[in-house]
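Peer 1: So in our numbering, spot 137 of the sequence shown is number 234, and the numbers just go up one at a time.
Let me give you the structure first, and then I'll get to my questions.
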Amino acid sequence: MTFYQFARGIVLSLFKVVFRVRVVGKERVPARGAYIVAPSHRSILDIPFAAFITSRTVRFLAKDDLFRTPSGRRLFEALGAVEVERGTADRAALRALEDALATGSPVAVFPEGTRRSGPEIVDLYGGAAFLAIKLGVPIVPVGIGGSEHILPKGKLLPRLHRVAVSVGHPIAPPALDGRARRAAATKLTEALRVELQRAFDDAERLAR
């Protein structure tokens with residue numbers, strides 16, 4: 098058993114009981130091969146909540162503050178995190194995600210970029226779409242409902258609240274050459290916004 102599997106088992110078992118986590122649409126997650134998990138983002142706890150959709154190791158971007166101590170670096174690297182410098186494009190981090198996808202591993206990219214608040218999924222970044230088109234892998238939208246009530250942005254003390262995770266329909270990218278990627282990424286990002294909004298609405302309803 099790897100450290101990731103050990104830590105995942107403990108954290109998810111605890112979260113499932115404490116937050117009464119319910120997962121729907123899990124059968125839509127690809128059983129094998131690479132894909133991009135694209136979750137809604139209302140709380141720092143969304144990373145472990147997104148992990149409920151699969152038992153596979155999912156690589157994800159994490160801000161560089163979490164890697165500043167030797168113990169923090171060991172922990173988050175063991176959990177599959179890829180360090181990214183806050184406020185930059187950080188091409189090294191994007192290349193690490195590309196490498197993971199190229200080897201058949203799933204990765205997680207929050208298309209909202211940072212934690213948001215409220216019921217609307219708007220102004221998505223195009224990173225997930227560009228990666229999907231470049232590497233020919235599907236995007237799996239994941240709505241996480243209820244997490245904003247537990248530990249929203251700006252709050253330090255968590256509160257108990259039911260959480261629901263709703264997996265949307267995977268979105269396959271078009272097969273295109275480099276010149277057409279920008280326009281295709283814009284279109285794919287809008288398709289992701291629509292499906293992620295649908296999944297988020299479903300998760301919020303189930304979390305009430």
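Note that CB positions come from ideal geometry on N, CA and C, so glycine has one too.
As the structure is a prediction and not an experimental result, all values here were calculated from the model.
Just grab the DSSP bridge partners of residue 263 for me.
Peer 2: Bridge partners of residue 263: 121 and 240.
Peer 1: Residue 279 lies in the alpha helix (DSSP H); which residues open and close that run?
Peer 2: Per DSSP, residue 279 belongs to the alpha helix (DSSP H) from 278-304.
Peer 1: Quick check on residue 115: does DSSP put it in helix, strand or coil?
Peer 2: Looking at residue 115 - three-state DSSP - the assignment turns out to be helix.
Peer 1: Taking C-beta to C-beta, are residue 144 and residue 212 nearer than 9 angstroms?
Peer 2: It is not a contact, given that the beta carbons lie outside the stated cut-off.
Peer 1: What do you reckon, are the CB atoms on residue 296 and residue 264 nearer than 9 angstroms?
Peer 2: Going by C-beta atoms, residue 296 is nearer than 9 angstroms to residue 264.
Peer 1: Does the Cβ of residue 244 have 16 or more other Cβ atoms within 10 Å, making it buried, or fewer, making it exposed?
Peer 2: Buried, since its Cβ has 16 or more Cβ neighbours within 10 Å.
Peer 1: Which residue spans inside the segment 136-188 form an unbroken alpha helix (DSSP H) run of at least 4?
Peer 2: 143-147 and 167-175, all fully within the segment 136-188.
Peer 1: By Cβ distance below 6 angstroms, which residues in the same chain neighbour residue 151 in space, the five residues on each side in sequence not counted?
Peer 2: Result list for residue 151: 126, in chain order.
Peer 1: Kindly identify the DSSP beta-bridge partner or partners of residue 134.
Peer 2: Bridge partners of residue 134: 205 and 237.
Peer 1: With DSSP run on the structure shown, which of helix, strand or coil describes residue 218?
Peer 2: Residue state, collapsed to three classes: coil.
Peer 1: Closest to residue 261 by CA distance: which of 194, 147, 110 and 230 is it?
Peer 2: The residue with the shortest Cα to Cα distance from residue 261 is 147.
Peer 1: I'd like the list of long-range same chain contacts for residue 159, defined as Cβ closer than 6 angstroms, with 5 residues on each side in sequence excluded.
Peer 2: Excluding residues within five positions, the ones whose Cβ falls inside 6 angstroms are 173 and 178.
Peer 1: From the DSSP output, which residues share a beta bridge with residue 268?
Peer 2: The partner list for residue 268 (beta bridge, DSSP) reads 236.
Peer 1: Determine the closest residue to residue 221 out of 227, 228 and 209, with distance taken between C-alpha atoms.
Peer 2: The candidate whose alpha carbon is nearest that of residue 221 is 209.
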